[in-house]
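Working notes for the structure below.
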Amino acid sequence: MRIGVLTSGGDAPGMNAAIRAVVRQADALGHEVWGIHRGYQGMLEGDMDPLPSRSCANILQRGGTMLHTARCAAFRDPLRRTEAASKLKEAGIEALVIIGGDGSFRAAETFQREHGVACAGIPGTIDNDLPGTERTLGFDTALNTAVEAIDRIRDTASSHGRLFLVEVMGRSSGMLAVHTAIACGAEAVLYPESPEDSYEALVSGLNASWMRGKRSSIVVVAEGDTVGRAMAVGERLKRDHALDLRVVVLGHVQRGGSPSALDRIWGSRWGADAVLRLDRGESGFYLGEVAGALVAQPLSQILESQPVPPGDLGRLVAILAR
Ligand code: ADP
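Residues are numbered in the numbering used here as their position in the sequence shown, beginning at 1, plus a constant of 513.
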C-alpha cells in the first residue's frame, strides 16, 4: 500500500514525531509513504514525493512540520477535491494520514465519503479542543512554553508591583488559558467559555486581592475571550480604574519550539497506530487519548461539540490566588 501523509491547519510541536512514526511503522510493514507538502494545498497541486525511512532522521525533536502546512480555501470546493483525488490516483496513493485540527478532519471526512480514499486522522493542534480526546499534539509543549514565559513576567510584575495581562492562544477554546493560569499561579483567567461575567468578576477579584495586600497580579487572557483580547481588556481597565498595567501577547512563540516528551510519545504512538489500523483495513477514524489509553473514533465525531475546560478549573484559579 502507498500511504500519503500531510500536516494541515495550524502547526503544532509533535507533528514531526507523528510523521516519522507513520513512515517507520509503514516501512516495518512493507508499505510505502509519500509526503504531501503544505496540507491540502499541496495535494491539489500534486506537490508530493516519497518519504523513505532515512528522510525522517533528526526530526523527532524539532518543532513545526517538515512537510509544511497551509490553510487551503480551495479544498472546500467539491470540484477541486475531485482534482485532488486524481492527483492522488496518479501518484498511486490509496490511503491518507492527516495530522491537523477539526477543520482538517472535516475535510478528511468529506474527502473519504466522496472519493473512497481511506483516511486516518491524528490530532495536531495546540488548542486541545477536539471532541473524543483529552490530548492533542502540541498542547503540552505550548502549555509549558506559556508557563515558562509567564514565570519571567511574574518576576518583573512583582518587582514593580504591576498588573500584567498575558494573552495566550485559543480563538474559540480556553483550554490553554485555563491550564496555563493554574500552572503559573495567575490571579485570574478570561476565556471564551467562562460561565461568569468575566469582566465584573475580574475587577472584583483584583480589588479583593489588592485589599489582601497583593501588589502584583497576572491575568491570563485567551485570545478569543468574549470581553475582548488582552489589549482591549487592558484599555478598559486603564480607563475605568487608572491601573498601572502592562499587556503581553505571547503569540506565535507558543506554536514553536522543541516538542515535550509527552508530545513526542503521543505523536509516535498515534503515527504508528494510524498505519497499523490502515494496514488492517480500517479507515475513516481519528485517534485520541482518553484516561491514558489510545482510542479511535469515527471522523464524523468531529462534528460534535468541542470540549470546554471543566468549570471547576476556572474556579480553582481564583481560589488558589487567595
Ligand atoms: P485546523 O485543521 O487546524 O482546524 P483549519 O480549520 O484551517 O485548521 O482547516 C485546515 C484546512 O482544512 C482548511 O484550510 C481547508 O483546506 C480544510 N477544511 C477545513 N474545513 C473544511 C470543510 N468543511 N470542507 C472542506 N475542507 C475543509
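The C-beta atom is built at its ideal place from N, Cα and C for all residues, glycine as well.
All values derive from a computational prediction rather than experimental measurement.
Practice task
Could you check if V679 is buried or exposed, using at least 16 other CB atoms within 10 Å of its CB as the buried criterion?
Solution key: buried
Practice task
Report the option in M688, D786 and L676 whose CA atom is closest to the CA atom of D757.
Solution key: L676
Practice task
Run the CB neighbour count on T810, radius 10 Å, all protein chains shown included, and call it buried at 16 or more, exposed below.
Solution key: A small fix is needed here, since residue 810 is Gln in this sequence, not Thr. It counts as buried.
Exercise for the section: Can you tell me which of L816, G784 and E795 puts its alpha carbon nearest to the alpha carbon of G801? Expected result: G784
Handout entry: Distance cut-off 6 Å: G613 Cβ against heavy atoms of the ligand ADP
Key = yes
Problem - DSSP three-state assignment for Q810, whether helix, strand or coil - result: strand
Handout entry: Collapsed DSSP secondary structure at C585 in the structure displayed
Key = coil
Problem - Complete alpha helix (DSSP H) runs within the segment 736 to 808 (minimum length 4 residues, chain order) - result: 743 to 754 and 774 to 792
Practice task
Just mark Q574 as buried or exposed, buried being the case when its beta carbon has 16 or more other beta carbons within 10 Å.
Solution key: exposed
Practice task
Kindly indicate which three-state DSSP category M561 falls into: helix, strand or coil?
Solution key: strand
Practice task
Taking T582 and T654 to be in contact with their CB atoms under 8 Å, please state how far apart those CB atoms are, rounded to whole angstroms.
Solution key: Their Cβ separation, rounded to whole angstroms, is 16 Å, which puts T582 and T654 out of contact at 8 Å.
Problem - C632 (DSSP reduced to helix, strand or coil) - result: strand
Exercise for the section: Work out the CA separation of N641 and A714 for me, nearest whole Å. Expected result: 26 Å
Practice task
Can you have a look at N571 and say buried or exposed, based on whether 16 or more other CB atoms are within 10 angstroms of its CB?
Solution key: exposed
Handout entry: Expected contact under 8 Å - CB spacing of V610 and I639 to nearest Å
Key = That belief does not hold up - the Cβ atoms of V610 and I639 are roughly 20 Å apart, past 8 Å.
Practice task
Measure the beta-carbon distance from V830 to E647 and round it to whole angstroms, keeping in mind my assumption that it falls under 8 Å.
Solution key: That belief does not hold up - the Cβ atoms of V830 and E647 are roughly 20 Å apart, past 8 Å.
Exercise for the section: Could you tell me if the beta carbon of A620 falls within a distance shorter than 6 Å of some heavy atom in the ligand ADP? Expected result: yes
Problem - Residue from I516, G548, D560 and G527 with nearest C-alpha to A539 - result: I516
Practice task
Compare the C-alpha of I815 against each of A621, G543, E603 and D562 and name the closest.
Solution key: A621
Problem - CB of S717 within 7 Å of CB of V740, strictly - result: no
Problem - Contacts around A690, its chain only, beta-carbon distance under 6 Å, and the 5 residues preceding and following it disregarded - result: V681, G683, V702, Y704, V733 and A735
Exercise for the section: Tell me whether R584 counts as near the ligand ADP, meaning its Cβ is closer than 6 Å to at least one heavy atom of that ligand. Expected result: yes
Exercise for the section: Look at the alpha carbon of C632 and the alpha carbon of T595, and state the distance between them as a whole number of angstroms. Expected result: 15 Å
Exercise for the section: Say yes only if the C-beta of Y553 is nearer than 6 Å to one or more non-hydrogen atoms of the ligand ADP, and no if none qualify. Expected result: yes
Problem - Beta bridge counterpart(s) of E680 as assigned by DSSP - result: V734 and V762
Problem - Between the CA atoms of D615 and M724 - distance to the nearest angstrom - result: 44 Å
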